[in-house]
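Engineer:
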Amino acid sequence: MVNSKAKYVEVELEKYSLKPFDRFKRVMKRTFKGELFVGLGIVFREMVRFNIHTTQYPGEKLPISPRYRAIHELLRLLESGNERCIGCGLCEKICISKCIRMDTHLGEDGRKHISEYTINFGRCIFCGYCAEVCPELAIVHGPRYENSSEQRAHFGLKEDMLTPIDVFKKGAQKEYPGFGAPSPDADKRIKKTPLAY
Amino acid sequence: MSAYIIETIIKVVVVMLVFSALAGFITYLERKVLAFMQRRLGPMYVGPYGLLQVLADGIKLFTKEDIVPSNANRPIFMIAPVISAATAFIAMAAIPFFPEFDLFGHTVRPIISDINVGLLFVLSVGAIGMYGPLLAGMSSGNKWSLLGAARATVQLLSFEVVSGLAILAPLMVIGSLSLIDINNYQHGGIFDWLVWTQPVAFLLFIIAGYAELNRTPFDLLEHEAEVVAGFATEYSGMRWGMFFIGEYANMITLAFLSALIFFGGFNDLWFIPGGIAILLKVMFFIFLFLWVRAAWPHIRPDQLMWLCWKVLMPIALVNILITGIVVMI
Amino acid sequence: MKEITIFIDGKELKAIENEYILNIARENGIFIPAICYLTRCSPTLACKLCMVEANGKRVYSCNAKAKEGMDIITTTPEIEEERRAILEVYDINHPLQCGVCDKSGECELQNYTLEMGVDVQHYHIADSKKEIEDWGHAKYDPYLCIMCERCVTVCKDMVGDAALKTTPRGTEALDKDWKDKIPKDAFSIWNRINKNIIGRVEENNRCEDCGECIAVCPVGALANSHFQYTSNAWELTKIPATCPHCSAGCLIDYEIKHTDIENSECKIYRVTNDWNYVTLCGAGRFGYENKNSTTKCEKDFLSAMDAFLRADTIRFSSFITNEEALILQRLKEKRGYKLINSDAYNFQKFLEDYSKTSGSSLYSGSKRDIHSSDLIFTIGGAMSNDNPNIRFALNNSGKLNKASIYYSHTYRDKIIQTLSKTTTEIVYKPLKEELVLLLLIDSIVEKSSIPEVISVYLESFKEKRVKTIQKEIKEKVLDEEGKEIEVAKKIDEEVEYVHNTILDELGLAQEFSDELKKDYSSKSSPILIAGSDLYSHKRAENIARLLGFIEKHSNFKVLLIPTSTNTLGVSLICDLDKEAGDYVIGYNDIGDYRLSSLGDGDLDMPALNQQEGTFTTIDKRVVPTNAALPYGGYELNDIAKELGVFSKETIRYTKMLPTKSGFVEALFDELPLEYTNGGVDNRGYELEAKSFEAQNAIDAADISSELEGDIVYKRDPISQFNEFTKSSKLLEAKDGIYCSLEFLEKRSLSSGDLVELEIGKESITHHVYVDDSMDGDIVALSTFQSRKLDHKIFGDGYRYVAAKIKKV
Ligand code: SF4
Ligand code: SF4
Ligand code: SF4
Ligand code: SF4
Ligand code: SF4
Ligand code: FES
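Residue numbers (this note's numbering), protein chains in the order written: chain A, 1 to 197; chain B, 198 to 526; chain C, 527 to 1334.
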């Protein structure tokens, strides 16, 4: 949560004088004021207080923001469960690391289908452009940031990214308000085509 | 005679084992203490509270591949860490760790060899230890290593002077180089401690010691941000481990020396028996190492040299002068 | 062709009078929005986007001719508004499916919609339901169609099949109210779009699957079925190249991309062309699938070396680059191989004989000359099949220049009849070609320049005859009232005239000769096209000389169609032999040891789309081609290197092509490969023709021999040329025997039957199919499927053989 009251604080810095006498005074002050011991004191105090801030990952995990850009997901249409991706190739085009590749074909139903869709996560920089450009809200960044695996290709194939149909049927497909989603005022900004009939 | 030899060998083995293990354990302590001071937990997963982390690291060090860079000067590269570790342990030969005690009716003197120039021996062997980093850096065939080696030479040589001069003053007071004599000199309770009469010498000695041990705030030899890992850049596995053990062994040596020379050694303190007393003192010094590391930033090499030659050395000389005058009077 | 000065947007430009303003602007790099106009075709005025102001008046630049001093402004605020309205009209009910549309990224509607800044739609009407149609190579989506009619125009004006037409759309009529709310031109366009969509001509659809309509479609309405939804346009890399299938040597772009996610090897996804300047036939567009995937196998290479050491002859086809032809020539010089290539050998001889009487080492005509000619005479070739681009050019000049076409061949071609309003077909019997040429000479060449042997020979056909003609005479008679009036009266009169039996022989009326002469004298740029029947004719020598003679002594330019892709190049580069030796290496041809680009020989060779090099085209141009696909095996140069003919890469030979034959010393990498904005072929360089003293050494015809029985003609179906096009699965034309419907009925066969051809001692069985365009009794046998068959039946000789045809 962003604290709207928080303000930037400007730190007042001491004027730095180069006159010999000032410099002498400064050395004296530093030597005898015992600044070094202040530092020692602080760390000792913290040790004694034992006010530990560690999150013990992977035992504990912090919640992540919906705008977090982790491993991608391919979503399904809410009504039909069909794949949302129409194979327009915009994500492939916009990707600055050129790590998206897709194969498309003419489906039985006369529509364009994607046969395979891959993201090379070795190259992806998680910039989110693909999610941003997707006209179908099909490719989005999911919350999965744990990507160690014995295979480079893991996570990056269509079957890894596409919401499994059983998960979808359980209604467990998540929508992200974050990256790539239309802005809240999108409706207002669209100029409409009159379909008066 | 042979009993003496056997006893010495046993002592050597005990010292080696105990201090190697201690060196490892200190790393654990260091990580924990630093973590607490920085509001972290430190190692937690290996063993209860991460206690076995040391073991894990040890296994890792021992089983790691021993890599010798193709451009390195092979024999020297291989021998340099040995020098480091060996000198650290050799230096311990002249240190009396504890008061004498009886074991199965046999009086054990917990010193490997009580030579009458004990302190000199410790200091000089420590100085030889400088060849470790120097040779390591020069033989690695790596510019960071070379820079690290250069820094090591400059830093160790310079502070050798300071520590030598600093310790001269108490020696003048005591009149012996044997550490047992030094210890015995302070047997009269807390007020006999040399630190009261020679506070400046103590400060100089401890500062120089930090510098020679390459500890914060003088850890310039292998300062990551500047020279990667300095002389140790190309080392891995157990060879790197030897530098590491050497450094921690030296820390212990320094802690013992400080306790012995300035803080009453293993003389009984109030109700505390001497053996325990010295352990407490040593532990405090070790803690001080860590504490300082947690609190202070490190300084620049030029500041280090400035500090050595323009501040510490003159002070040491003045201290000797004053001590001399006082002793004469 | 007067040169004039005009001003476009204040820029002073030189132009040819009566050229369309749009073309002038394009030539000079000035942009005028335009969709419906196709360069080289007639303007349809369907899109009206090209409106400009000329001398203050609104004109359509694709249709307005430039006049001296014209001052043209390409855009004004009113024009801009009008164009915007037009674009908005185009966008009415246009499905928002750019995301999946094949055209996205290269769509003219998309581009102009953005260019004109259409972001709001003011007009609307309910659309009707229509079906997406499958036309084989093309899919037609009427929802996307913007009725620019480019497809219809190209098929009619360029291809010549006129297989497309407009049909009613079935939407309700526009509300009259709109008329006041919408600019005039935009409204008329809306009206048009709202009324029609595109359909195929149902009866006698002649579509030959050239795919040119797909190419010209500015939107995704006509999609290439084989390409549909396989890749976005922007993912493809264009490799400019030269089509390797026939001697027209069209400029094509191979569009390549990795095969799929698992296989990174490049694949050709489609072939596209710069349709304003180049028209492809089906083979060029769909015949790209032949490639040879192979790797180096040292054992095979060693066996090839053995073969080469043993061989004394190399037989090769003309589907070869100039560079490789030169390598073969060098091998001949070094190791004394005999080089056998029958079609180039015949062509070489033919060209030599032709030069003797024409005085020039090369023929004078080119494809471009056909497009701009107004009288075309063809002889000795099945133009539609042998070289589709010649057919396109015939059609184009027939349609646009109203050229008269004289098509002489051994059978009637029903497509040719439709190409021009004034098409005359001349049917001669095989082996009688000389007669036609002599008739031509008789009709158009100055009597004084005809050598005596010929004039005597020609006279021998002429006889004085008497014919009765009805003559109208005016007679003064007295009417009932006794007045003298004039009445017309017809009487029969006997007149003497010269009867030319050549005309009888050719089935022509006696007036033909005079009409031809009259036509000829009224036309400014006639051209004579000779096909490959002639090169292997047993009287080829004299035929060549006759052609040379015509070139020399008349206005006619002469164009000899090289038999296959690089026949001309090979004939200029190689020193060819007639008889093969004992052990023959066949390079894409028959032989004892075979090098093959199809992968069916003893050692693999790269296909032509895997090679760099140059071809010599029908236009006497040396044009470069590039490798579209990788090749992993050995090539001819590797063998040559081993045999001591050394050059690091094949393309280094480009510079060494023989200058004495007209080649120029030019580096391969410096050869341009493009058409200019003005549509001028700027690829490679043109061969330099050498001229010398011409002789009048022509002879009378020898028409004594005749073919007995059924006559079989060597001819491939349209868009099939060779084993390479055969291996392209997208090309569907089948191999077999083609005949006219009446022949089929006469022999009571039906399409698809197996028939046996007995030719001399050989006999083969094949399926028989009807070819709608054929007429008469001659049957055509395809040989593209097998060089062996060609060799067996025709023996590299004359394209006609006598045979016996039996049903099996
Ligand atoms: S996040 Fe960026 S780099 Fe990664 S696939 Fe998407 S566009 Fe490419
Ligand atoms: S942008 Fe979206 S719809 Fe288009 S191909 Fe990518 S994922 Fe599919
Ligand atoms: S034809 Fe053009 S505008 Fe229409 S959907 Fe296709 S790409 Fe988009
Ligand atoms: S494929 Fe060629 S012949 Fe057929 S309709 Fe299209 S342009 Fe005409
Ligand atoms: S199909 Fe294409 S070329 Fe033909 S009228 Fe429609 S938009 Fe124009
Ligand atoms: S280009 Fe002129 S009207 Fe279409």
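Beta carbons are placed, not taken as given, at the ideal position from N, Cα and C, and that holds for glycine.
Please list the terminal residues of the continuous beta strand (DSSP E) segment that includes leucine 1280 of chain C.
Structural biologist: By 1-based counting over the third sequence, the position of residue 1280 of chain C is 754. Per DSSP, leucine 1280 of chain C belongs to the beta strand (DSSP E) from 1280-1285.
Engineer: In chain A, which residues lie less than 7 Å from threonine 756 of chain C when you measure between Cβ atoms?
Structural biologist: Locating residue 756 of chain C in the third sequence gives position 230, where the first residue counts as 1. Within 7 Å Cβ-Cβ: Thr104 and His105.
Engineer: Report yes or no: is there a C-beta of chain A within less than 8 Å of the C-beta of tryptophan 760 of chain C?
Structural biologist: Along the third sequence, read from residue 1 onward, the residue named residue 760 of chain C stands at position 234. Cβ-Cβ to chain A under 8 Å: yes for tryptophan 760 of chain C.
Engineer: Suppose you measure from the CA of asparagine 1114 of chain C to the CA of threonine 1091 of chain C; what does that come to, to the nearest Å?
Structural biologist: In the third sequence, residue 1114 of chain C corresponds to position 588, counting from 1. In the third sequence, residue 1091 of chain C corresponds to position 565, counting from 1. Going from the Cα of asparagine 1114 of chain C to the Cα of threonine 1091 of chain C covers about 13 Å.
Engineer: What residue range is occupied by the uninterrupted beta strand (DSSP E) comprising aspartate 299 of chain B?
Structural biologist: Against the second sequence, residue 299 of chain B aligns to sequence position 102. Counting along the chain, the beta strand (DSSP E) containing aspartate 299 of chain B begins and ends at 298-300.
Engineer: Taking the C-alpha atoms as reference points, what is the distance between phenylalanine 216 of chain B and isoleucine 475 of chain B?
Structural biologist: Along the second sequence, read from residue 1 onward, the residue named residue 216 of chain B stands at position 19. Along the second sequence, read from residue 1 onward, the residue named residue 475 of chain B stands at position 278. Rounded to the nearest angstrom, the two C-alpha atoms are 15 Å apart.
Engineer: Can you list, in chain order, the residues of the segment 21-49 of chain A whose Cβ is nearer than 8 Å to any Cβ on chain B?
Structural biologist: Flagged, chain order: Leu36, Gly39, Leu40, Ile42, Val43, Phe44, Glu46 and Met47.
Engineer: Going by DSSP in three states, asparagine 750 of chain C sits in which element: helix, strand or coil?
Structural biologist: For this step, residue 750 of chain C is matched to residue 224 along the third sequence. Note: asparagine 750 of chain C maps to strand in three-state DSSP.
Engineer: Which value, in whole angstroms, describes the spacing of the CA atoms of glutamate 1012 of chain C and glutamate 1019 of chain C?
Structural biologist: The sequence position of residue 1012 of chain C within the third sequence is 486, counting from 1. The sequence position of residue 1019 of chain C within the third sequence is 493, counting from 1. For glutamate 1012 of chain C and glutamate 1019 of chain C, the distance between alpha carbons rounds to 20 Å.
Engineer: DSSP beta-bridge partners for leucine 539 of chain C?
Structural biologist: For the purposes of this step, residue 539 of chain C is identified with residue 13 of the third sequence, where counting begins at 1. Paired residues: C/Ile532.
Engineer: Write down every uninterrupted run of the alpha helix (DSSP H) in the segment 233-312 of chain B whose length is 4 residues or greater and which is fully enclosed by it, in chain order.
Structural biologist: As far as the segment 233-312 of chain B is concerned, its whole alpha helix (DSSP H) runs of at least 4 residues are 250-260 and 271-288.
Engineer: Quick check on this structure: which residue in B/Asn268, B/Asp311 and B/Leu374 has the alpha carbon closest to the alpha carbon of asparagine 339 of chain B?
Structural biologist: The residue given as residue 339 of chain B occupies position 142 in the second sequence. The candidate whose alpha carbon is nearest that of asparagine 339 of chain B is B/Asn268.
Engineer: To the nearest angstrom, how far is it from the Cα of proline 470 of chain C to the Cα of serine 1308 of chain C?
Structural biologist: This structure gives no information on residue 470 of chain C, because the portion of chain C shown stretches from 527 to 1334.
Engineer: Which residues in chain B sit within 8 Å of histidine 53 of chain A, going by Cβ to Cβ distance?
Structural biologist: Here residue 53 of chain A refers to the residue found at position 53 of the first sequence. The answer, in chain order, is Arg236 and Arg237.
Engineer: Please report how far the alpha carbon of lysine 188 of chain A lies from the alpha carbon of aspartate 786 of chain C, in whole angstroms.
Structural biologist: Here residue 188 of chain A is taken as the residue at index 188 of the first sequence, counted from 1. Here residue 786 of chain C is taken as the residue at index 260 of the third sequence, counted from 1. Whole-angstrom Cα-Cα distance: 41 Å.
Engineer: Of the residues C/Lys1272, C/Phe1269, C/Glu1168 and C/Phe1247, which one's Cα is nearest the Cα of lysine 1260 of chain C?
Structural biologist: To locate residue 1260 of chain C, count along the third sequence from 1; it is residue 734. Cα-wise, what sits closest to lysine 1260 of chain C is C/Phe1247.
Engineer: Counting only beta-carbon atoms, is methionine 493 of chain B nearer than 8 Å to chain A?
Structural biologist: Here residue 493 of chain B refers to the residue found at position 296 of the second sequence. In the sequence under discussion, the amino acid at residue 493 of chain B is tryptophan, which differs from the methionine named in the question. Tryptophan 493 of chain B counts as touching chain A.
Engineer: At 7 Å on the CB atoms, spell out the chain C contacts of isoleucine 86 of chain A, in chain order.
Structural biologist: By 1-based counting over the first sequence, the position of residue 86 of chain A is 86. Near isoleucine 86 of chain A (Cβ distances below 7 Å), the residues of chain C are Gly625 and Val626.
Engineer: Can you name, in chain order, every residue of its own chain whose Cβ lies under 7 Å from the Cβ of phenylalanine 1038 of chain C, other than the five neighbours on each side?
Structural biologist: For the purposes of this step, residue 1038 of chain C is identified with residue 512 of the third sequence, where counting begins at 1. Taken in chain order, the residues that qualify are Leu1029.
Engineer: Looking at the secondary structure, which residues open and close the beta strand (DSSP E) in which serine 934 of chain C lies?
Structural biologist: Start at 1 with the first residue of the third sequence, and residue 934 of chain C comes out as number 408. Its beta strand (DSSP E) spans residues 930-935.
Engineer: In chain A, which residues lie less than 7 Å from valine 615 of chain C when you measure between Cβ atoms?
Structural biologist: If you number the third sequence from 1, residue 615 of chain C lands on position 89. Here the premise fails: no neighbours, minimum Cβ distance about 13 Å.
Engineer: According to the neighbour-count rule (16 or more other Cβ atoms, all chains shown, within 10 Å of its Cβ), is glutamate 1200 of chain C buried or exposed?
Structural biologist: Position 674 of the third sequence, counted from the first residue, corresponds to residue 1200 of chain C. When all chains shown are included, glutamate 1200 of chain C counts as exposed.
Engineer: CB-CB under 8 Å to glycine 1278 of chain C, same chain, minus the five flanking residues each way: which ones, in chain order?
Structural biologist: For the purposes of this step, residue 1278 of chain C is taken as the residue at position 752 of the third sequence. Excluding sequence neighbours, glycine 1278 of chain C sits near His1293, Val1294 and Tyr1295.
Engineer: The beta strand (DSSP E) spanning aspartate 1018 of chain C covers which residue range?
Structural biologist: Along the third sequence, one-based indexing puts residue 1018 of chain C at 492. First-last of the beta strand (DSSP E) with aspartate 1018 of chain C: 1010-1026.
Engineer: Could you tell me whether the Cβ atoms of methionine 1300 of chain C and tyrosine 954 of chain C are closer together than 8 Å?
Structural biologist: Position 774 of the third sequence, counting from 1, holds the residue named residue 1300 of chain C. Position 428 of the third sequence, counting from 1, holds the residue named residue 954 of chain C. No, these two residues do not count as a Cβ contact at 8 Å.
Engineer: In three-state DSSP terms, what is cysteine 772 of chain C?
Structural biologist: Here residue 772 of chain C refers to the residue found at position 246 when the third sequence is read from its first residue. Coil.
Engineer: I'd like the span of the beta strand (DSSP E) that includes aspartate 103 of chain A, first residue to last.
Structural biologist: Residue numbering aside, residue 103 of chain A sits at position 103 when the first sequence is read from its first letter. Note, aspartate 103 of chain A: beta strand (DSSP E), 100-106.
Engineer: Considering Cα atoms alone, identify which of C/Ile1111, C/Thr1143 and C/Lys1252 is closest to aspartate 1128 of chain C.
Structural biologist: Against the third sequence, residue 1128 of chain C aligns to sequence position 602. With distances taken between Cα atoms, aspartate 1128 of chain C lies closest to C/Ile1111.
Engineer: Could you tell me the alpha carbon to alpha carbon distance between isoleucine 618 of chain C and isoleucine 651 of chain C, rounded to whole angstroms?
Structural biologist: For this step, residue 618 of chain C is matched to residue 92 along the third sequence. For this step, residue 651 of chain C is matched to residue 125 along the third sequence. So the alpha carbons of these two residues sit roughly 8 Å apart.
Engineer: Using a Cβ cut-off of 8 Å, pull out every chain C residue sitting near proline 135 of chain A, in sequence order please.
Structural biologist: Position 135 of the first sequence holds residue 135 of chain A. Per Cβ cutoff of 8 Å: Gly625.
Engineer: Span of the beta strand (DSSP E) holding cysteine 865 of chain C?
Structural biologist: Within the third sequence, residue 865 of chain C is the residue found at index 339, counting from 1. For clarity, residue 865 of chain C is leucine in the given sequence; the question names cysteine instead. Note, leucine 865 of chain C: beta strand (DSSP E), 864-866.
Engineer: By how many angstroms is the C-alpha of lysine 764 of chain C removed from the C-alpha of cysteine 982 of chain C?
Structural biologist: In the third sequence, counting from the first residue as 1, residue 982 of chain C sits at position 456. In the third sequence, counting from the first residue as 1, residue 764 of chain C sits at position 238. According to the sequence as given, residue 982 of chain C is valine; it is not cysteine. Those two C-alpha atoms are separated by around 60 Å.
Engineer: Going residue by residue through the segment 418-504 of chain B, where are the continuous alpha helix (DSSP H) segments of at least 4 residues, counting only ones entirely within it?
Structural biologist: With a minimum length of 4 residues, the continuous alpha helix (DSSP H) runs that stay inside the segment 418-504 of chain B are 421-424, 434-459, 471-492 and 498-502.
Engineer: Given 7 Å as the limit, tell me if isoleucine 952 of chain C has its C-beta closer than that to any heavy atom belonging to ligand 6.
Structural biologist: Taking the third sequence and counting its residues from 1, one reaches residue 952 of chain C at position 426. The answer is no for isoleucine 952 of chain C.
Engineer: Helix, strand or coil: how does DSSP classify lysine 691 of chain C here?
Structural biologist: Numbered from its first residue, the third sequence carries residue 691 of chain C at position 165. Lysine 691 of chain C: strand per DSSP, three-state reduction.
Engineer: Which runs of the alpha helix (DSSP H) at least 4 residues long sit entirely within the segment 1278-1329 of chain C? Give them in chain order.
Structural biologist: Correct list: 1313-1320.
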